[in-house]
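Our numbering puts the first residue of the sequence shown at 1248, with every later residue one more than the last. Just so it is clear, CB atoms sit at the ideal spot from N, CA and C, and this is done for glycine as well. Contents: one structure, followed by commentary.
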Amino acid sequence: MSEEILSAQERDVIGELGNISMGSAATALSGLLGKRVEIT
């Protein structure tokens, strides 16, 4: 058996950080392009 490196809570936190980062990146790109950017 392999030992888990990250707990479920730690994985959730990393996932949420990714979501926040993607939202910020989309907002920045939208500002640069002057167009709406949609994340799917």
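Candidates the options: closest to residue i by CA position
i     : options             : result
T1287 : N1266, S1254, D1259 : N1266
N- and C-terminal bounds of the alpha helix (DSSP H) containing residue i
i     : result
I1267 : 1255 to 1280
Proximity below 8 Å, CB of residue i to CB of residue j
i     : j     : result
V1260 : A1273 : no
Any C-beta of chain C under 8 Å from that of residue i
i     : result
R1258 : Considering every chain present, this structure includes no chain C. It has just one protein chain.
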